[in-house]
Amino acid sequence: MAEDVLCPFCGCLCDDIKIEVEDDRIVGVKRACKLGSSKIRGHERTKAPMVRRDGELVETTYEEAYDRAAKILKEAKRPLLYGWCSTVCETHKKGILLAEEVGGVIDSTATVCHGPSIIGIEEKGLAGSTLGQIKNRADLIVFWGANPAEAHPRHSMRYSSNSSGMFTPEGRKGRKVIVVDVRETRTAKNADKFLLIRPGTDYEVISALRMIVAGKGDLIPEKVAGVAKSDLEEAAGMMKTARFGALLFGLGMTHSRGRYKNVDNALSLVADLNGFTKFVVMAMRGHYNVAGFGQVCAWETGFPMSVDFSRGAPYFNPGETAACDLLARRETDAMLVVAADPVSNFPRNTVEGMAEIPVIQIDPFPNPTTLLSDVVIPSAVCGVEAEGTAYRMDGLSLRMKKVVSSPYPTDEEIMQNILDRVRRLGDDN
Amino acid sequence: MVILLKAIMISGRTLGQGASCEAKMSPEFFKATSFCALSELDYNALGISEGGNVLVKTEFGEVVVSAKKDEGLPAGVIFIPMGPWANAVVGPDTGGCGTPQFKGVEVEVEKTKMAVMDVKELFSDLKRTGGEAS
């Protein structure tokens, strides 16, 4: 039995998982949610490295796959190195070195997730906290455009609305919960106050709340985005009178009209509330180490994502250098995908851009990106078969464990092999 | 006469999608993500029969998904779990910040007798044009 194992699924990075191991095989998973348990128990794997010949992916050796990957990246004029959310920081470090070596663009899945949150935070600043502070102190939790009941199933019990902490011994009974969403989610069913807003009106609703908090409620109309003024006044009152409030926001804010401006305004609401009480705000990060890529990329390059090395120095301008923009403009001419599945998660038109260029995939599992790849390199599952560092959604760094051994190399080893070959190709020129 | 519903589509994670998203070629993932949830009002207005499919269209593309009622959805809002079916109708524009608008997409929905494509069929028309090993 392996104890206190970290879960390699979502940004909660739960650190209390028990895994039963027999003969170096996982036979049981305890305490993990449905999402984490499913990943730890395992799925169909890509059996061996593959390269595309005559239109078909055929099995090959790791050596040939590394050579082929290095050649594609070295020959490309504008390679894109994308993904990184489901691997450890040690892989990120090598990936950034590789991007610099080939003069490419490195971008993470944050750009189709909480990227706008990062941009909003850069604009406004963040009244942040750890999940522990929220668990131990918060008497008001606001979930905005977030549905942790399905996306972060243990969040409420471990860290937020339903958890019990040092100064919050009553758990859910001692806290108030506000949910703001465009539909009545499972999370909304747990709310004391649910605000159903029209899609794409987050900015308006936040602005109305800021007006009420600032004592200028008489200036707002009787209804804002389908919400009655009295409901907004009640929610604003709950926020102002909380002893310690926490605004936890999800992709409802970043994927909707307004995107980073919604986040910017939400951070301003929290800044306003800190004139009356203690209030913190946090993005509900999706994959377990998407936050880690932002950390490593920021300390290595000065920027958290969408970093372009083609000018010889790091350059950051999402909207220009983000993965979806590069592909939509058909600007990139080769793509390395590590620990992500853009073919599933990018808009169809953007995916069509991938079909026109060589694609290299590094991933433990087959997925739609495999269908469009020319080189497929299977790897060990980080946090189950390989150790390394990951960052929880609140920025806490934790060590992922290796629980069972694997016949596959780690992402870090694969990156090092490709990097070595790219450098050797450079020497030959 | 075909009834056409103008609606706003949002996409996002569900428990079923999350539990099968590392096994995307599996029947579980197909089942968990190739559907569209509608409010009871919209579902009935479209005259969808039990187990029926709908065609969801935008200016960017169209996709056939199975239809389900969801009491949590207001009329005029539909939900498709995040994944290749939802993204078939999402546009590429990132609003200058790198992130496509995955939620709040203006769509048209109608019932259809067409079948839902599986993952491989969805991408079968994309021909590889580069990157062959020599």
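Sequences listed follow chains A and B, in order.
Take my numbering: the last position of the first sequence gets the number 429, and nothing is skipped along the way.
Take my numbering: the last position of the second sequence gets the number 1134, and nothing is skipped along the way.
Backbone N, C-alpha and C define an ideal beta-carbon position, used for all residues, glycine too.
- Is it right to say Asp420 of chain A is buried, meaning 16 or more other beta carbons lie within 10 angstroms of its own, or is it exposed? exposed
- Item | Span separating the alpha-carbon of Ala2 of chain A from that of Val27 of chain A | 11 Å
- Task: Please check if any C-beta of chain B sits within less than 8 Å of the C-beta of Phe346 of chain A.
- Result: yes
- Mind reading off the beta-carbon distance from Asn274 of chain A to Tyr203 of chain A? Whole number of angstroms is fine, and I expect it under 8 Å. Wrong, their Cβ atoms sit about 20 Å apart, outside the cutoff.
- Can we say the region 108-117 of chain A touches the region 1017-1037 of chain B, given the rule of at least three CB pairs closer than 8 Å? no
- Query: CB Thr1094 of chain B to CB Cys113 of chain A, shorter than 8 Å?
  - Reply: no
- Item | Runs of alpha helix (DSSP H) wholly within the region 1071-1122 of chain B (minimum 4 residues, chain order) | 1084-1087
- Would you tell me roughly how many angstroms separate the C-alpha atoms of Met430 of chain A and Val376 of chain A, rounded to the nearest one? Since the first residue of chain A shown is 1 and the last is 429, residue 430 of chain A is not available in this structure.
- Same chain, Cβ closer than 6 Å to Tyr62 of chain A, five either side skipped, listed in chain order: Pro49
- Message: Quick test of the definition: if touching needs 3 or more C-beta pairs under 8 Å, does the region 66-83 of chain A touch the region 393-408 of chain A?
- Response: no
- Message: List, in chain order, every chain B residue whose beta-carbon is nearer than 9 Å to that of Lys34 of chain A.
- Response: Leu1015, Gly1016, Gly1018, Ala1019
- Message: Taking 8 Å as the threshold (C-beta atoms), are Ala138 of chain A and Ser168 of chain A in contact?
- Response: This sequence places Thr at residue 168 of chain A; Ser is not what is there. Contact: yes.
- Message: Between Arg183 of chain A and chain B, is the shortest Cβ-Cβ distance under 8 Å, so that the two count as touching?
- Response: yes
- Nearest residue (CA-CA) to Ala32 of chain A, options A:Cys12, A:Val21, A:Lys47: A:Cys12
- Distance CB(Pro79 of chain A)-CB(Thr332 of chain A) smaller than 8 Å: yes
- Neighbour-count burial assignment, Ser1011 of chain B, 16 or more Cβ in a 10 Å radius: buried
- Do we get a CB-CB distance below 8 Å when we pair Asn417 of chain A with the residues of chain B? no
- Residue(s) in a DSSP beta bridge with Arg53 of chain A: A:Glu56
- Item | Distance, Ser344 of chain A Cα to Asp1125 of chain B Cα | 15 Å
- Task: Provide the residue(s) that pair with Phe249 of chain A in DSSP beta bridges, ordered along the chain.
- Result: A:Trp144, A:Ala283
- Item | Strand pairing of Pro79 of chain A, partner residues [DSSP] | A:Ala334
- Classify Glu352 of chain A as buried or exposed, calling it buried when 16 or more other Cβ atoms lie within 10 Å of its own Cβ. buried
- How close, in whole Å, do the beta carbons of Ala339 of chain A and Ile357 of chain A come, if the pair is a contact with beta carbons under 8 Å? So it is not a contact: roughly 20 Å between Cβ atoms.
- Task: At 8 Å on the CB atoms, spell out the chain B contacts of Tyr463 of chain A, in chain order.
- Result: Lying outside 1 to 429, the shown extent of chain A, residue 463 of chain A is not represented and no answer is given.
- Could you name the residues of the region 301-331 of chain A whose beta carbon sits closer than 7 Å to any beta carbon of chain B, in the order they occur along the chain? Ser306, Pro318, Gly319, Ala322, Cys324, Asp325, Ala328
- Message: Please identify, using Cβ separations under 8 Å, the residues of the region 1101-1114 of chain B that lie next to chain A, in order along the chain.
- Response: Gln1101, Phe1102, Lys1103, Gly1104
- Query: Is it the case that the Cβ atoms of Gly245 of chain A and Thr277 of chain A are separated by a distance below 8 Å?
  - Reply: yes
- Message: Suppose the cutoff is 7 Å on Cβ atoms and the five residues either side in sequence are ignored; what does the same chain contact list for Gly1083 of chain B look like?
- Response: Gln1017, Thr1033
- Taking buried to mean at least 16 other C-beta atoms within 10 Å of its own C-beta, is Gly250 of chain A buried or exposed? buried
- Item | Test item: CB-CB of Phe346 of chain A and Asn1087 of chain B under 8 Å | yes
- Query: For Cys12 of chain A and chain B, any beta-carbon pair shorter than 8 Å?
  - Reply: no
- Query: Are Phe293 of chain A and Cys85 of chain A close, meaning C-beta to C-beta below 8 Å?
  - Reply: yes
- Task: Let me know if Ser38 of chain A comes out buried or exposed under the rule of 16 or more other beta-carbons within 10 Å of its beta-carbon.
- Result: buried
- Query: For Arg392 of chain A, which residues does DSSP report across the bridge?
  - Reply: According to DSSP, Arg392 of chain A bridges with nothing at all.
- Message: Beta-carbon within less than 6 Å of Phe194 of chain A's beta-carbon, same chain only, minus the 5 sequence neighbours each way: which residues are those?
- Response: Val179, Ala188
- Query: Given a threshold of 16 other Cβ atoms within 10 Å of its Cβ, counted over all protein chains shown, does Glu412 of chain A qualify as buried or as exposed?
  - Reply: buried
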